[in-house]
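Have a look at the structure below before the remarks.
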DNA sequence: AAACGCACTTGACAAAAGTCAATAAATTGG
DNA sequence: CCAATTTATTGACTTTTGTCAAGTGCGTTT
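Residue numbers (my numbering), protein chains in the order written: chain D, 1 to 189; chain A, 1001 to 1189.
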């Protein structure tokens, strides 16, 4: 994943086969938006109406505990990542998580309406279904890891860029381990 | 959840508003099928072409480790539950998990094609999206639990019927805890 | 009835991870 | 640029969980 997405071609190509015309269509529908650091792209209780492709900067997604104090990180996104609340988007219920800009961020926003238009314009966009599925992959990703060390090593090998983009505290929360445990894992190897 | 689903009305009503005609349509498209104990409803590598509504009996879903020996349970389903591999179904890739009949089981099978037909016949079936989403809920369900005790108590309070339908060994695997740990949790309270 | 397999329990111990506390390093804001 | 805050590390200790092993109860088979 590059630090900044200049060409949509490389991003979309990883999903399926698209013609130049398809990509042009996409570019038209997926409007560029800028969010300053700390802004919420999706708020608590809000119904998700769009998915975001991170162009530059980083965003994260978190849930709140009962007292709405502790933040449990459930997603970390950098340039090239698709970021959205899958549950809220698919079922059109209020979101139980928040998506927030961790830094100043540029995204391409693709609304449900635009997705329907793209689907109508070219069958290639059915591949977007696979794309949406990736949002879930992230959540179920670390299920196969049996302990903290395995989780950390999976992250290092598959998403090394996250280590530079986010503080370890957030990464520890994402992996659902104590920051001290994470710090010790790093010291060992 | 009842032990046996006689009327589709109650099942569908929990998803959205359906007319008698809608339900009749559904009944026609979702064909009844019988699987004997141990039969695979979805095999490893197979691309999921349908979702199943369990009518009676029970099914389970599991992943295999690298040596294909250890089974990691990722889903337990009894009457009234929708059972399918969300990732394979949505993205149309080969399944990395297996769905198997734990007992003799009767299901209603709803193919992708039938879903498209239902969507075309009535807008009410857009609510099926929410239904499909529930498959994911199960996976992400126990993420909010911090330890084995919380996981077990969540299961007891939300899915008590599973305790009767499946051996504790499988439930322990589903919760990703050692069967001994589970046994001790039960002894305490 | 005896032998067997299987699920479950229990005990003893080891390993893993969390908590609390002190400190160091880095970042931010005035 | 310095003070204040946040973030990361490290040590000591506790709690939780896993592992290994032995034993019990129950149903099935022969």
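Backbone N, C-alpha and C define an ideal beta-carbon position, used for all residues, glycine too.
- Residue pairing from DSSP leaves residue 27/D without any beta-bridge partner.
- In the structure shown, residue 1129/A falls within a helical segment according to DSSP collapsed to helix, strand and coil.
- Close to residue 1045/A, with beta-carbon spacing below 8 angstroms, lies no residue of chain D; the smallest spacing is near 17 angstroms.
- Around the beta carbon of residue 1126/A, a 10 Å sphere encloses fewer than 16 other beta carbons of the protein chains shown; the residue is thus reported as exposed.
- DSSP, read as helix, strand or coil, puts residue 164/D in helix.
- When the alpha-carbon of residue 1031/A is set against those of 1124/A, 1045/A, 1055/A, the nearest one is in 1055/A.
- Rounded to the nearest angstrom, the Cβ distance from residue 1095/A to residue 1042/A is 6 angstroms, consistent with a contact under 8 angstroms.
- The Cβ atoms of residue 35/D and residue 105/D sit closer than 8 angstroms to each other.
- A contact between stretches requires three or more CB pairs, one per stretch, nearer than 8 angstroms, and the segment 1170-1181 of chain A meets this requirement with the segment 1056-1076 of chain A.
- Under the three-state reduction of DSSP, residue 181/D is assigned to helix.
- Taking the C-beta atoms as reference points, residue 1097/A is found nearer than 8 angstroms to residue 1061/A.
- In the three-state reduction of the DSSP assignment, residue 35/D falls in the strand class.
- C-alpha of residue 1170/A to C-alpha of residue 1129/A: approximately 29 angstroms in a straight line.
- For residue 100/D, the secondary structure class from DSSP, reduced to helix, strand or coil, is strand.
- In the structure shown, residue 1171/A adopts helical secondary structure according to DSSP, grouped into three states.
- A straight-line Cα-Cα distance of about 12 angstroms links residue 1118/A and residue 1018/A.
- If you draw a straight line from the Cα of residue 48/D to the Cα of residue 92/D, it is about 7 angstroms long.
- If you draw a straight line from the Cα of residue 16/D to the Cα of residue 124/D, it is about 7 angstroms long.
- For residue 12/D, the closest alpha carbon among the candidates 151/D, 153/D, 184/D, 81/D is that of 81/D.
- Under the criterion of beta carbons closer than 8 angstroms, residue 107/D and residue 33/D qualify as touching, at roughly 5 angstroms.
- The beta-carbon distance between residue 1182/A and residue 1162/A, rounded to whole angstroms, is 13 angstroms. This is too long to meet the 8 angstroms contact definition.
- The three-state secondary structure of residue 1051/A, taken from DSSP, is strand.
- Note on geometry: alpha-carbon atoms of residue 1154/A and residue 1024/A lie some 36 angstroms from one another.
- In this structure, DSSP gives residue 109/D an extended state, which the three-state scheme calls strand.
- Contact between residue 1078/A and residue 1178/A is absent: CB atoms are separated by about 24 angstroms, not below the 8 angstroms threshold.
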